[in-house]
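Colleague: Protein chains in written order, with the UniProt record's numbering: chain E, 1 to 136; chain F, 1 to 136. Pasting in a structure now, in C-alpha cells, and then I'll have a few things to ask.
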DNA sequence: TCTTGACTTGGATTCTGTCCATCGTAGGAT
DNA sequence: ATCCTACGATGGACAGAATCCAAGTCAAGA
C-alpha cells in the first residue's frame with residue numbers, strides 16, 4: 001500500500017526531495033509519529049532537511065487530507081497517515097501507545113438534535129483511554 | 001452552585017488567597033479557560049498572583065478531580081470545572097467556542113472486545129466538531 | 001537552457017508549560 | 001494571642017513544540 005506519492009503527484013503537489021522523504025516516512029498504516037520523529041527519520045535519508053520543512057510538508061499533507069493530526073496527550077501532535085479508513089484511537093494511559101480502532105455504529109447518532117445547539121456537526125473524534133496489557 | 005470552596009476545604013486543601021481566587025475564577029459550569037486566561041482573571045482580584053501558582057493550583061484541582069483538563073485543539077489546555085456531571089464537548093471549527101454536551105448511550109459500548117486489543121478501557125473522550133450558528 | 005514562482009533553510013521568535021531556590025504564610029501547637 | 005514550621009507562592013530561568021522570516025535554491029514549464 002504505497003499510493004501516497006502517486007496521489008500527491010496527481011494532485012499537482014510539487015515534488016521535491018524533501019517532500020518525497022517526508023511522504024515516504026509516513027507511508028504506512030499504523031504509524032503515529034510526532035513532527036520531530038518524522039524529522040529524525042527523514043534526516044536518515046536526507047541529512048540536511050530542516051525542521052521547518054518537515055513542519056511545512058506535514059501541514060500541507062494534513063490540508064490535503066492525506067494525513068490526520070492527532071493530539072492525544074496535550075504534548076506534541078502526532079501524524080497519522082491512515083486517513084482513508086475512518087477510525088478512532090485507543091491510548092494507553094501508562095505508556096502512551098496508540099492503536100487505531102474501528103467502533104461500531106455512527107458516532108454522530110449519539111448526539112441528539114437538541115444537544116447540538118444549532119451547530120452543523122461534521123466530525124467526531126473519539127479517544128478511548130485505558131491500560132494496555134503490558135501496563136496493566 | 002458554589003460548593004467548590006467548601007469541598008476543597010473539607011478535603012484538607014490548605015486555603016490561601018491565591019488558591020481561593022483560582023477556585024473562584026473557575027467556579028461556574030460553562031467555562032473552558034486556558035491557564036493564561038485563568039491567570040488574567042485571577043490578576044484582576046489579586047494583582048500579584050504568579051503564573052506558576054496558577055499552574056500549580058490548576059494541577060492540584062485536576063488531581064483532586066474537581067476540574068477536568070480539556071485539550072481540543074493541540075494548543076493550550078483548557079480547564080473545565082464541570083467535573084461532576086459526565087459530558088463531552090462540541091467545538092466550533094471556525095471560532096473555537098466549546099459547549100458541553102451530553103450524548104445518549106454508553107460511549108464505551110461502541111468498541112467491541114476484539115477492538116480493544118487487551119486494553120482495560122476506562123474512559124472515553126468524544127469531541128464533536130462543526131460550525132456554530134455564527135460561523136456557518 | 002532559461003526563468004520564475006514556489007520551496008527550503010536555520011535562526012529568531014512565540015507560545016505553553018515546568019523547574020527551582022528563596023521568601024512568605026496558614027493553621028496547628030503552645 | 002503568639003510562635004513554628006511545613007507547605008505554598010514567587011518570578012526568572014529553562015524547555016518543548018511550533019511558527020515566522022528573509023535570503024538562498026530549485027522544479028518544472030516555456
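Think of the CB as a built atom: it goes at the ideal place given N, C-alpha and C, for glycine as much as any other residue. Remember, it's a predicted structure, so these values are computed and weren't measured experimentally.
Could you check how far apart the C-beta atoms of residue 130(F) and residue 123(E) are, in whole angstroms? I think they sit under 8 Å.
Modeller: Indeed, because the Cβ distance is near 7 Å, the residues count as touching under 8 Å.
Colleague: Indicate whether residue 108(F) and residue 121(F) have their beta-carbon atoms separated by less than 8 Å.
Modeller: In this structure, residue 121(F) lies closer than 8 Å to residue 108(F) by Cβ.
Colleague: According to DSSP, is residue 6(E) part of a helix, a strand, or is it coil?
Modeller: If DSSP states are grouped into helix, strand and coil, residue 6(E) belongs with the helices.
Colleague: Decide if residue 40(E) is buried, meaning its Cβ has at least 16 other Cβ atoms within 10 Å, or exposed.
Modeller: Under this definition residue 40(E) is an exposed residue.
Colleague: For the alpha helix (DSSP H) that contains residue 53(E), what are its first and last residues?
Modeller: It spans 51 to 63 - the alpha helix (DSSP H) in which residue 53(E) sits, taken as one unbroken run.
Colleague: Quick one: using the 10 Å Cβ neighbour count with 16 as the cut-off for buried, is residue 88(E) buried or exposed?
Modeller: By the 10 Å Cβ count, residue 88(E) comes out buried.
Colleague: Identify each residue in the segment 96 to 115 of chain E for which the Cβ-Cβ distance to at least one residue of chain F is less than 8 Å, and report them in chain order.
Modeller: If the cut-off is 8 Å between Cβ atoms, the segment 96 to 115 of chain E has 99, 101, 102, 103, 104, 105, 107, 108, 110, 111, 112, 115 near chain F.
Colleague: If we cut at 8 Å on Cβ distances, does residue 131(E) have a partner in chain F?
Modeller: It does; some Cβ of chain F falls within 8 Å.
Colleague: Taking any Cβ of chain F, which residues in the segment 35 to 68 of chain E have a Cβ under 9 Å from it, in chain order?
Modeller: Those would be none; no residue qualifies.
Colleague: Would you say residue 38(E) and residue 46(E) are within 8 Å of each other, going by their C-beta atoms?
Modeller: No, the Cβ-Cβ distance between residue 38(E) and residue 46(E) is not below 8 Å.
Colleague: What residues from chain E crowd round residue 128(F), counting only those whose CB sits closer than 7 Å?
Modeller: Those are 111, 121, 124, listed as they occur along chain E.
Colleague: Under the rule that 16 or more other beta-carbon atoms within 10 Å means buried, what is residue 95(E), buried or exposed?
Modeller: So residue 95(E) ends up on the exposed side.
Colleague: Measuring only between beta-carbons, confirm whether residue 74(E) sits less than 8 Å from chain F.
Modeller: Yes, contact with chain F.
Colleague: Please state the DSSP three-state secondary structure of residue 17(E).
Modeller: Three-state result, residue 17(E): helix.
Colleague: Here's a check: name, in chain order, each residue in its chain whose Cβ is nearer than 6 Å to the Cβ of residue 53(E), leaving out the five neighbours to either side.
Modeller: Excluding sequence neighbours, residue 53(E) sits near 18.
Colleague: Should residue 55(E) and residue 35(E) be called a contact, given that it needs their Cβ atoms to be closer than 8 Å?
Modeller: Yes, they are a contact pair.
Colleague: Excluding the 5 residues flanking residue 70(E) on each side, which residues of the same chain have their C-beta closer than 8 Å to its C-beta?
Modeller: Excluding sequence neighbours, residue 70(E) sits near 32, 77, 78, 79, 80, 89, 98.
Colleague: Would you mind sorting residue 103(F) into buried or exposed? The rule is 16 or more other CB atoms within 10 Å of its CB.
Modeller: Residue 103(F) comes out buried.
Colleague: What is the DSSP secondary structure of residue 134(F), counted as helix, strand or coil?
Modeller: The answer is coil: DSSP assigns residue 134(F) none of H, G, I, E or B.
Colleague: What are the start and end residues of the alpha helix (DSSP H) that includes residue 101(E)?
Modeller: Note, residue 101(E): premise wrong, no alpha helix (DSSP H); beta strand (DSSP E) at 98 to 101.
Colleague: When you compare only the Cα positions, how much space is there between residue 91(E) and residue 67(E)?
Modeller: Between residue 91(E) and residue 67(E), the C-alpha separation is close to 19 Å.
Colleague: Out of 59(F), 42(F), 64(F), 133(F), which has the shortest C-alpha to C-alpha gap to residue 9(F)?
Modeller: It is 64(F).
Colleague: Using 8 Å as the limit for Cβ to Cβ distance, is residue 118(E) near chain F?
Modeller: With 8 Å as the cut-off, residue 118(E) counts as an interface residue toward chain F.
Colleague: Could you check the C-alpha separation between residue 100(E) and residue 22(E) for me, to the nearest Å?
Modeller: Roughly 21 Å between the two C-alpha positions.
Colleague: Can you tell which of 44(F), 29(F), 115(F) has the C-alpha that lies nearest to the C-alpha of residue 86(F)?
Modeller: For residue 86(F), the nearest C-alpha among the options comes from 29(F).
Colleague: Where residue 84(E) and residue 14(F) are concerned, what is the direct C-alpha to C-alpha distance, given to the nearest angstrom?
Modeller: Their backbone Cα atoms lie some 52 Å apart in a straight line.
Colleague: Three-state secondary structure (DSSP) at residue 32(F)?
Modeller: Note: residue 32(F) maps to coil in three-state DSSP.
Colleague: For residue 62(E), which residues in the same chain have their Cβ closer than 6 Å to its Cβ, ignoring the five residues on either side in sequence?
Modeller: Only 69 meet the Cβ criterion.
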